[in-house]
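Chain order of the listed sequences is Y and P. For the first sequence, the residue numbers in my numbering are 1 to 155. For the second sequence, the residue numbers in my numbering are 156 to 310. These notes concern the structure reproduced below.
Number of protein chains: 2
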Amino acid sequence: MAEFKITQAQKELVEKLGVFYEKSGMQPAACRVMALLIVSDQTELTFEEILHTLGISKSATSGAINLLLTANRLEYITRPGDRKRYFRAKILNWKVDMLQNMSQMTSIGTLLKEINKQRPKASKEFNNILAEMISFLEFLNAEIPFLLKKWESKK
Amino acid sequence: MAEFKITQAQKELVEKLGVFYEKSGMQPAACRVMALLIVSDQTELTFEEILHTLGISKSATSGAINLLLTANRLEYITRPGDRKRYFRAKILNWKVDMLQNMSQMTSIGTLLKEINKQRPKASKEFNNILAEMISFLEFLNAEIPFLLKKWESKK
DNA sequence: TATTTAGTTCTGCAAATTCAGAACCAAGTA
DNA sequence: TACTTGGTTCTGAATTTGCAGAACTAAATA
Numbered sequence: 001m002a003e004f005k006i007t008q009a010q011k012e013l014v015e016k017l018g019v020f021y022e023k024s025g026m027q028p029a030a031c032r033v034m035a036l037l038i039v040s041d042q043t044e045l046t047f048e049e050i051l052h053t054l055g056i057s058k059s060a061t062s063g064a065i066n067l068l069l070t071a072n073r074l075e076y077i078t079r080p081g082d083r084k085r086y087f088r089a090k091i092l093n094w095k096v097d098m099l100q101n102m103s104q105m106t107s108i109g110t111l112l113k114e115i116n117k118q119r120p121k122a123s124k125e126f127n128n129i130l131a132e133m134i135s136f137l138e139f140l141n142a143e144i145p146f147l148l149k150k151w152e153s154k155k
Numbered sequence: 156m157a158e159f160k161i162t163q164a165q166k167e168l169v170e171k172l173g174v175f176y177e178k179s180g181m182q183p184a185a186c187r188v189m190a191l192l193i194v195s196d197q198t199e200l201t202f203e204e205i206l207h208t209l210g211i212s213k214s215a216t217s218g219a220i221n222l223l224l225t226a227n228r229l230e231y232i233t234r235p236g237d238r239k240r241y242f243r244a245k246i247l248n249w250k251v252d253m254l255q256n257m258s259q260m261t262s263i264g265t266l267l268k269e270i271n272k273q274r275p276k277a278s279k280e281f282n283n284i285l286a287e288m289i290s291f292l293e294f295l296n297a298e299i300p301f302l303l304k305k306w307e308s309k310k
């Protein structure tokens, strides 16, 4: 067993980042795994290293890893003549993630439209606000690609 | 008891929007209350109307309403000589909400910076990606006000 | 063939969440 | 003073979640 260790300071960062991820509704163990792979000096860790460093059970580790793999937050590489998988955070496509994240935020737009359609003409002020929100969400959605471009060119 | 009712279609919209709100981690009952106040023809509903329309208990209604009040998602008005409170969704400041929402998203930037500081110089590629994310989040945060302005002027 | 490795799957418990029901309370009304 | 109204607060029960532990498996190795 390779003796992989992280410092106290790193442990604290794992917890902090873990809690941040928890806000998105993911289960604690999976959040710790994600956080560990970001904070750790080594960017590629094995099942055993994750399990030992976080002090969680095999089943929890297995569950967390598979959750993250299907959520496309993790990937792994293998090495010739080595049965272990080396997991790493899939942050290379953070741009895609962020765009998805934002368009997910704007996904309420569709629902709001549906709601606005059935609202009575009477409640004008309220309807107008809804319409404004929808309009802004649409605008935002359209604007995101340009934002990315603008940032790229500014670097 | 005023006989306030919503249609089947509206009930379905309340559920849909309710589920959407649930994704943000709020408890189901509170999400239904929010959704009802958006979908309903009447924009101001009493405790009793909410309770009856959603078919939930007094305690659940009380809990949900107070949760939403402290979360600043709801407000209420009163009428002279009427002890009832009339609750309504606080969507008027959706712009503020959305900005908060976005800056909350960018709040991970601070944490990422902290993490990047402690990362070893060795893992260069990984560190560069982190640095890029941080840079983009900062850019985004700075850009949001301009986005709002741009949208306002386009209307 | 037995053993090790790298996990997966199943069972079940412990904790947390969520809500209903009932008791309660304070202000206004009869 | 008793009753009604518009809630709040306090159990407790039903789910749901999250994970440990143990048994299991498939591939590689001895």
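Beta carbons are placed, not taken as given, at the ideal position from N, Cα and C, and that holds for glycine. Note that the structure is a prediction, hence the values are computed from the model and not measured.
Does residue i get closer than 8 Å to chain Y when you measure Cβ to Cβ?
i: M288 of chain P; result: yes
i: V188 of chain P; result: no
i: S258 of chain P; result: no
i: M232 of chain P; result: Note that residue 232 of chain P corresponds to Ile in the displayed sequence, not to Met. No, its Cβ sits nowhere closer than 8 Å to a Cβ of chain Y.
i: T208 of chain P; result: no
I'd like to confirm the pairing. Which residues does DSSP put opposite residue i in its beta bridges?
i: R187 of chain P; result: DSSP, once it has assigned bridges, lists no residue as partnering R187 of chain P.
i: A89 of chain Y; result: Y:L74
i: D237 of chain P; result: P:R234
i: L45 of chain Y; result: Y:F87
Tell me the DSSP secondary structure of residue i in three-state form.
i: V174 of chain P; result: helix
i: I232 of chain P; result: strand
i: A297 of chain P; result: helix
i: F291 of chain P; result: helix
i: A238 of chain Y; result: Not covered by the structure: residue 238 of chain Y. The range shown for chain Y is 1 to 155.
i: L148 of chain Y; result: helix
i: M102 of chain Y; result: helix
i: T216 of chain P; result: helix
i: G264 of chain P; result: helix
i: E114 of chain Y; result: helix
i: E12 of chain Y; result: helix
i: S153 of chain Y; result: helix
i: I129 of chain Y; result: helix
i: I211 of chain P; result: coil
i: K5 of chain Y; result: coil
Could one say the Cβ of residue i lies closer than 8 Å to chain P's Cβ atoms, at least one of them?
i: E114 of chain Y; result: yes
i: E143 of chain Y; result: yes
i: F87 of chain Y; result: no
i: L74 of chain Y; result: no
i: G25 of chain Y; result: yes
i: F20 of chain Y; result: yes
i: S57 of chain Y; result: no
Measuring CB to CB, does residue i end up less than 8 Å from residue j?
i: R151 of chain Y; j: F294 of chain P; result: One detail in the question is off: residue 151 of chain Y reads as Trp in this sequence, not Arg. In contact: W151 of chain Y and F294 of chain P (Cβ atoms closer than 8 Å).
i: T198 of chain P; j: S123 of chain Y; result: yes
i: T225 of chain P; j: F159 of chain P; result: no
i: I134 of chain Y; j: L112 of chain Y; result: yes
i: T110 of chain Y; j: K84 of chain Y; result: no
i: I299 of chain P; j: M257 of chain P; result: yes
i: G25 of chain Y; j: G180 of chain P; result: yes
i: N283 of chain P; j: T261 of chain P; result: no
i: T216 of chain P; j: L206 of chain P; result: yes
Using only alpha-carbon positions, find the residue among the options that is nearest to residue i.
i: A35 of chain Y; options: Y:E125, Y:M105, Y:R88 and Y:N128; result: Y:R88
i: Q8 of chain Y; options: Y:V39, Y:N72, Y:Q27 and Y:N141; result: Y:V39
i: K117 of chain Y; options: Y:L130, Y:Q10 and Y:S107; result: Y:L130
i: S214 of chain P; options: P:A185, P:N227 and P:R228; result: P:A185
i: I108 of chain Y; options: P:I161, P:K178 and P:Q165; result: P:K178
i: G173 of chain P; options: P:P300, P:R187 and P:P275; result: P:R187
i: L311 of chain P; options: P:Y176, P:V251 and P:F291; result: Because chain P is modelled from 156 through 310, residue 311 of chain P falls outside the range shown and cannot be assessed.
i: Q165 of chain P; options: Y:E132, Y:E114 and Y:S153; result: Y:E114
i: F136 of chain Y; options: P:F281, P:P183, P:S308 and P:F291; result: P:S308
i: N227 of chain P; options: P:K245, P:F281 and P:Y241; result: P:K245
i: F126 of chain Y; options: P:L247, P:L223, P:I232 and P:F175; result: P:L247
i: L192 of chain P; options: P:Y241, P:E287 and P:F301; result: P:Y241
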